[in-house]
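Count along the sequence shown from 1, then add 162; that gives the number in my numbering. All C-beta atoms, glycine included, are put in the ideal place defined by N, C-alpha and C. Because the structure is a prediction, the values reported are computed rather than measured.
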Amino acid sequence: MAEEKKWSLKMVGMHVDSVPETLSRIRRIADHHNVWIVCMNAHMMAGREHAIASIEQAIRAEGEGRMIARSLEMEVLLYASGQRQTGQGMKFGLHEGEMSAWVAVIASSDEERRERRGEEKAIKEAWGELFMITKEIPEEQGIPEERVPILQELFGISDAEISLVGSDRISELVIERTALLNILK
């Protein structure tokens, strides 16, 4: 069985002048601390539970050797999008301008590194550097009503499904859709 990775998830606000430059800076932070850092566009996500499910499914796929993507970061975005195409997954990442994002810092399971510094310390130090380019913001309480039609379109959720279960349960419907990626592999 795959070893459990330690990770941390926070909602942040950030201004992105250039996606490539911002990703480069984030990669330098990740490389320096031997962690993975994944940024998910909060406006395309069905809340914290959706972000958690995406992270856990990607980590499981990596541990079982069945990733679609070449990197854990992209695998998380693929699960967030519920799609197999990296072009679709990338839409769930950063965009230029002001944005809210669910950001995950995932510790490496490199045993030598764990003995040297510890996973929790690596995660904490990575967050320290990330907060130089982001700011932690309060987590959303529920899914804003104006986001429901966006999520319906992104994940193929019909009005009939929403009528049946209620818009307050859209997170569950989205997570169900993203879990189908495991079956479609």
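CA-CA distance, residue i and residue j?
{"i": "Gly290", "j": "Pro300", "result": "18 Å"}
{"i": "Thr296", "j": "Ser333", "result": "25 Å"}
{"i": "Met163", "j": "Ala208", "result": "Confidence at Met163 is low in this model, with a pLDDT of 44, below 50, so its placement is unreliable and the value that follows should be read with caution. Going from the Cα of Met163 to the Cα of Ala208 covers about 29 Å."}
{"i": "Arg339", "j": "Ala322", "result": "16 Å"}
{"i": "Gln303", "j": "Val181", "result": "28 Å"}
Who are the Cβ neighbours of residue i in its own chain at under 6 Å, not counting the five residues just before and after it?
{"i": "Ser216", "result": "Val238, Tyr241, Ala242"}
{"i": "Ile319", "result": "Leu335"}
Taking the alpha carbon of residue i as the point to measure from, which residue in the options has its own alpha carbon closest?
{"i": "Gln247", "options": "Ile337, Leu234, Ile230", "result": "Ile230"}
{"i": "His257", "options": "Arg331, Lys172, Leu185, Met294", "result": "Leu185"}
{"i": "Lys168", "options": "Glu211, Asp330, Glu282", "result": "Glu282"}
{"i": "Gly175", "options": "Arg222, Cys201, Ser270, Lys286", "result": "Cys201"}
{"i": "Ile305", "options": "Ser325, Arg189, Ser329", "result": "Ser329"}
{"i": "Ile214", "options": "Val265, Leu292, Glu260, Phe317", "result": "Val265"}
Is it the case that the Cβ atoms of residue i and residue j are separated by a distance below 8 Å?
{"i": "Val197", "j": "Val267", "result": "yes"}
{"i": "Ala263", "j": "Ala220", "result": "no"}
{"i": "Glu211", "j": "Ile345", "result": "no"}
Leaving out the 5 sequence neighbours to the left and right, which residues in its chain are closer than 7 Å to residue i when beta-carbon positions are compared?
{"i": "Met236", "result": "Thr248, Gly251"}
Between which residues of its own chain and residue i is the CB-CB distance below 8 Å, once the five residues before and five after are set aside?
{"i": "Leu342", "result": "Gly244"}
| task | Tell me the start and end of each unbroken alpha helix (DSSP H) in the stretch 236 to 315 that is at least 4 residues and wholly inside, in chain order. | result | 248 to 252, 273 to 278, 281 to 292
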